[in-house]
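Numbering (our numbering), first residue to last: 1 to 611. Okay, structure first, notes after.
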Amino acid sequence: MEYSDKHSSFQRRARCWSSFRRRHRNWYERGSSAIRPSSHQEQDGDMAMSDAYVRPRVRDSPYAEQTYLRSDQWHYQCHVRADIDMWKERIPPERAMEEKRQDQTPTSWFKITVPYGRKYNKTWLLDSIQSLCSVPFTPVDFHYVKNWAQFFVHDASTASALKDVNLKICDEANRKLRIFVNPSAVPHSVQNKFNPEQMEQLKLTMYKRYDDLQQALDLQSLRFDPDLVGHDIDMILNRRHCMAATLKIIEEDFPEMLSLNLRSNKMYQLDGLSDILKKAPKVKILNLSKNELKSAWELDKMKGLQLEELWLHGNPLCHNFSNQSKYISFIFELFPRLLRLDGQELPPPVIVDSEAPKIIKPCKESYKGSEALKSLVLQFLQQYYFIYDYGNRQGLLGAYHDEACFSLTTPFRPQDTALSSLSEYFKVSRNLKKLKDPDLRVQLLKHTKHDIVDSFSVLPKTQHDFGSFLVDMCVQTERMLCFSVNGVFQEVEGKSQGSVRAFTQIFVTIPGSSSSLCIVNEELFVRDASPKETQGVFSIPIPTPSSRYMLTLSQEQQEMVQAFSIQSGMKLEWSLKCLQDNEWNYTTAGQVFTMLKAEGKIPEEAFTQSP
């Protein structure tokens, strides 16, 4: 009995060791990879491919403890697995080609994997590999698996040449790119190619769906087209061989196509469609609505198309944005020429040309209009600070583009008690070097004109000294003007009333309506003024309300007249007249004053000093 127990125990251990060796050998012979294709990728069906990392399955055990890797551990283990792959791949591809797989069939296909290749532009990545590869190659079925880029090649000598490119490419951060080469089964896009009869039927079906007049191809719900179903052609555009066949016909028969409708095709990724950049580069209208696109970054694969109209509603990705403004901004970054999104008209983009606008050189010919440009900028600044100092700051809405950005910075630090008077500005100061909270960085960058003007309401009331201003035009192009303003202002109320601040304000503007300027980007830097900077500022004497013109006015109107007199330099009675003529609208009165002064229509006696 004792012998029997020992013998059975020995047999159990032997079986366990044999099972371990078998599993280990199978894992090794498969040529492991840090990322294995999911079941959806293998089946290439309708279901969306999971982004989760696929770990080896383990048998359920009541004693097994489930563990989860932290992101840094996962990142480290990916590199360890990648190094294991590199060690295994020391077998030359030519030799691997001669070896037999488990099904006893030789392989002539190889999978090329670039870890973290998703963060690189596809064209740059392939061009960089090709430039260092000793033989020309044609990548087959380029796609992404999580953060890795993969494609296939059909030749052992090509695979060997690609293996030699490993660690020879450096990105902008001087990081070397790894390139792994593994024997592979025949790619699905090749294995499942349509035969000539099926391709001909697909071509006929697409011809029926093409509008020659509009140069538009309607592939909505293509899978259920009766002509395809009747010929037993399963057209699932998520499958790469289906999308490749579609794009091949487009390239050969509809290269001038302007509009493509892919609505309701259950598409969850756009790897295959990215080749449309080469097949039909003139596409202006793209309809991807009612699909299964979950990540907005799928659209990055289409970047480069000069789209003017895009439809995305009905995709899960539309719910990834907290508001419509952020949704539009993200899409604008990818497609700057876009005019309509989901059927809605969009404001014109700030830069309408993909090429950099021509910079006007500082030569005599280009500066013939410099006086007119100078007058335009100064008039703009007078109106801007008139409203900012004395009017309702909501009146500045018209000075900004709908999608403008604004940020404020200050050198103030909480431990600097001597600078505590700047604390009101520090609350909204945005310094990327100091801010660690990504949410706060986003919050402090004011985006859209309403957010910008609303942020002004929490800043102290001010009085800018226009006489202290130094204005410089930094960059002038055919479509953009950038200029800076340096000067001082004084706080006129609150606990820091009377404090003098120095500021630098940078405006990036584009042409607006009625020959005005429209702000698209603005940065304001505020600090305490030095003793030297405070000398000679606010030299215009502050008028007193002793004039007989002030007796019948309310306290608010008296303050408006005084403020207008200080800002314009006009006498009290002339300031009062200007405000009364414009129905006490401070903003309008300031605009009228600026215009009349520029035209020389205000007499000299209106000013306390000669202008």
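Ideal Cβ positions, reconstructed from N, Cα and C, are used throughout, including at glycine.
Apart from sequence neighbours up to five positions away, the residues of its chain that approach residue 315 with a beta-carbon distance below 8 Å are 288, 289, 290, 291, 292, 293 and 294, ordered along the chain.
When 135, 524 and 141 are compared, the shortest CA-CA separation from residue 274 is found for 141. Closest by C-alpha distance to residue 225, out of 243, 244, 201 and 212, is 201. In this structure the segment 295–306 touches the segment 329–336; the number of beta carbon pairs closer than 8 Å is three or more.
For the options 130, 234, 468 and 180, the alpha carbon positioned closest to that of residue 195 is the one of 234. Under DSSP, residue 261 takes part in a beta bridge, and its partners are 218 and 287.
Under DSSP, residue 484 shares a beta bridge with 472 and 506. Residue 263 and residue 411 have their C-alpha atoms some 52 Å from each other. Secondary structure of residue 400 (DSSP, three-state): strand. In the structure shown, residue 120 falls within a coil segment according to DSSP collapsed to helix, strand and coil. Taken atom to atom, the span from the alpha-carbon of residue 497 to that of residue 460 is near 9 Å. DSSP assignment within the segment 270–352 yields the following whole beta strand (DSSP E) runs of 3 residues or more, N-terminal first: 285–287 and 309–311.
With distances taken between CA atoms, residue 126 lies nearest to 162 out of 162, 109 and 431. For residue 429, the pairing in a beta bridge is given by DSSP as 408. The criterion of a C-beta distance shorter than 7 Å is satisfied by residue 519 and residue 404. Counting along the chain, residue 208 sits inside the alpha helix (DSSP H) bounded by residues 196–208. Pairing residue 309 with residue 285 gives a Cβ-Cβ distance under 7 Å. Check the Cα spacing between residue 603 and each of 213, 569 and 579: the tightest is with 569.
The beta carbon of residue 205 lies closer than 7 Å to those of 225, 227 and 228 in the same chain, with the five residues before and after it left out.
Measuring C-alpha to C-alpha distances from residue 198 to each of 473, 160, 218 and 249 identifies 249 as the nearest. With respect to residue 261, residue 218 sits close: the two C-beta atoms are nearer than 7 Å. Taken through DSSP and simplified to helix, strand or coil, residue 162 comes out as helix.
Under the 8 Å Cβ criterion, the segment 466–478 does not count as touching the segment 437–444, having fewer than three qualifying pairs.
Beyond the five residues adjoining it in sequence on each side, residue 296 comes within less than 7 Å, by CB distance, of 317, 320 and 330 in the same chain, given in chain order. Under the three-state reduction of DSSP, residue 435 is assigned to coil, being neither helix nor strand.
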